[in-house]
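Residue numbers (my numbering): 8 to 81. We put the beta carbon where it would ideally sit given N, CA and C, even for glycine. Source: prediction; values computed, not measured.
This is the structure in structure tokens:
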């Protein structure tokens with residue numbers, strides 16, 4: 008019984024982790040789209056949200072790079 012509960016908890020943690028990665032990914036793709044549409048201010052807001060909400064994700068590093076690029080072009 009304890010093993011079953013432990014397995015269920017592990018599955019839940021993996022599922023939640025996977026969902027948070029998808030959210031960072033979706034935000035990053037939306038920010039890139041906004042950037043291409045010349046909506047730089049909204050892109051900056053989205054990149055900043057990624058850095059704040061998902062600091063340990065690979066998308067946080069990418070978002071920081073894009074923020075630096077956008078701020079350099081202002």
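May I ask you to report which of helix, strand or coil DSSP gives residue i?
i, result
"residue 52", "helix"
"residue 61", "coil"
"residue 30", "helix"
What whole-angstrom Cβ distance do residue i and residue j have, given they're in contact under 8 Å?
i, j, result
"residue 35", "residue 69", "6 Å"
Are the Cβ atoms of residue i and residue j separated by less than 8 Å?
i, j, result
"residue 53", "residue 75", "no"
"residue 71", "residue 51", "no"
CA-CA distance, residue i and residue j?
i, j, result
"residue 61", "residue 67", "6 Å"
"residue 81", "residue 44", "16 Å"
"residue 49", "residue 55", "10 Å"
"residue 47", "residue 31", "18 Å"
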